[in-house]
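These notes concern the structure reproduced below.
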Amino acid sequence: MNTQALTGVGPVREEPDTVARLAGAVLGAWRRRSGLSREDFGRRSGYSAELVSSVEIGRRAPTTGYLTAADEICDAQGAITAMDSHIRQRPRTRPETDHWQHPGTALSLFAPTVLPDLFRTDPEAEARDKAEPSAVADEDGGGDGSAGRRRILDAGSPICLVLDEGVLLRTLGDRSAHRRHLADLADHPHVTVQILPLDSGEPPALTCPVTLLRHGDRASGFGHVDTGVHWLRPDAVRDVEQRFATLRSTALPPRTSRALILDAADRTDR
Numbered sequence: 001m002n003t004q005a006l007t008g009v010g011p012v013r014e015e016p017d018t019v020a021r022l023a024g025a026v027l028g029a030w031r032r033r034s035g036l037s038r039e040d041f042g043r044r045s046g047y048s049a050e051l052v053s054s055v056e057i058g059r060r061a062p063t064t065g066y067l068t069a070a071d072e073i074c075d076a077q078g079a080i081t082a083m084d085s086h087i088r089q090r091p092r093t094r095p096e097t098d099h100w101q102h103p104g105t106a107l108s109l110f111a112p113t114v115l116p117d118l119f120r121t122d123p124e125a126e127a128r129d130k131a132e133p134s135a136v137a138d139e140d141g142g143g144d145g146s147a148g149r150r151r152i153l154d155a156g157s158p159i160c161l162v163l164d165e166g167v168l169l170r171t172l173g174d175r176s177a178h179r180r181h182l183a184d185l186a187d188h189p190h191v192t193v194q195i196l197p198l199d200s201g202e203p204p205a206l207t208c209p210v211t212l213l214r215h216g217d218r219a220s221g222f223g224h225v226d227t228g229v230h231w232l233r234p235d236a237v238r239d240v241e242q243r244f245a246t247l248r249s250t251a252l253p254p255r256t257s258r259a260l261i262l263d264a265a266d267r268t269d270r
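Residue numbering for the sequence shown follows the UniProt record's numbering, starting at 1 and increasing by one per position.
Written out as structure tokens, the structure is:
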């Protein structure tokens with residue numbers, strides 16, 4: 001699917017944060033150490049020089065794909081990709097999470113590569129939140145990913161996660177904890193998890209991560225592309241809803257998906 005067709009309303013603005021700025025500085029240092037200009041790096045990685053600049057000054061957080069490309073180009077031997085979990089688990093900016101946390105909003109998410117940030121587990125953050133419950137959210141209702149996840153799950157709104165089987169196999173951090181976390185999500189009364197098998201035989205109806213939100217008759221959504229998180233145009237929302245329905249019909253049923261997750265977790269624990 002042409003991801004450019006999804007965009008048009010404009011980006012979901014993310015204010016620069018400390019983690020993104022630090023990651024950008026590290027990436028810029030590695031690029032310069034490799035003797036590459038931003039234009040050279042962009043040509044080799046497939047990203048525009050403008051995007052490279054935005055990442056290095058901290059305006060945009062680098063995606064997993066960007067970090068992987070940078071690690072290979074700069075021969076960092078894993079030093080760059082090691083930043084990925086810290087970037088994904090950083091406190092979320094409010095423009096995106098505000099929409100997810102609107103009471104009564106049903107969420108539908110498709111993840112073709114990694115589990116969406118909001119639903120990743122961070123054992124250290126969970127332990128910290130339990131020890132300091134008063135520090136979970138700031139005065140503006142923000143907080144880290146674990147706090148936002150709990151608020152959304154506790155709200156009781158229906159959530160549907162369609163995950164490519166690669167998400168189950170491809171983990172960041174502790175593999176066993178990742179799969180047990182997926183099993184816990186699948187057991188949540190308001191969450192439906194379906195796995196799209198690697199051998200499904202059909203090309204996916206969507207090729208990039210998307211988040212659909214429906215509140216009553218109002219529908220909106222985000223497309224997660226390499227240039228950032230973008231609002232979906234109204235016509236694109238309707239198209240993505242249809243494609244998401246196709247994905248659900250192709251994916252394994254919830255019970256079978258849960259069994260696959262548990263089997264993977266059992267094999268990891270052995």
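All C-beta atoms in this analysis are idealised placements derived from N, C-alpha and C, irrespective of residue type, glycine included.
Quick caveat, the model's predicted, so the values are computed rather than measured.
Taking the alpha-carbon positions, what's the residue i to residue j distance?
i    : j    : result
E165 : R60  : 28 Å
A111 : L36  : 32 Å
R31  : T113 : 25 Å
D154 : C74  : 43 Å
R44  : H190 : 44 Å
R179 : T256 : 15 Å
S54  : G78  : 22 Å
D266 : D235 : 43 Å
A137 : R88  : Bear in mind that a pLDDT of 34 at A137, under 50, signals an unreliable position, so the model cannot answer this.
F119 : T105 : 16 Å
D84  : L67  : 7 Å
I152 : H181 : 16 Å
A264 : H188 : 19 Å
R33  : A76  : 10 Å
G156 : H86  : 28 Å
Is the CB-CB distance between residue i and residue j below 9 Å?
i           : j    : result
residue 271 : R233 : Since the first and last residues shown for the chain are 1 and 270, residue 271 lies out of range.
L107        : T250 : no
A219        : V237 : yes
P209        : H224 : yes
F244        : W231 : no
L206        : L260 : no
Excluding the 5 residues flanking residue i on each side, which residues of the same chain have their C-beta closer than 7 Å to its C-beta?
i    : result
P197 : E165, L252
Per DSSP, which one or two residues make a beta bridge with residue i?
i           : result
L163        : A111, I195
S220        : L213
residue 339 : With the chain represented from 1 up to 270, any question about residue 339 goes unanswered, as that position is not in the structure.
A106        : R214
Near residue i, which residues of its chain fall below 6 Å by C-beta distance, leaving aside the five closest residues on each side in sequence?
i    : result
L109 : P116, L161, T211
R214 : A106
Using a Cβ-Cβ cut-off of 8 Å (strictly less than) and excluding sequence neighbours within five positions of residue i, which residues of its own chain qualify?
i    : result
E56  : G24, A25, L27, G28, R31, R38
P254 : A186, T192, V193, Q194
L168 : R179, L182, I195, L260, I261, A264
Notebook entry, point to check: Does the region 17–32 touch the region 46–62, meaning 3 or more C-beta pairs lie closer than 8 Å?
Noted result: yes
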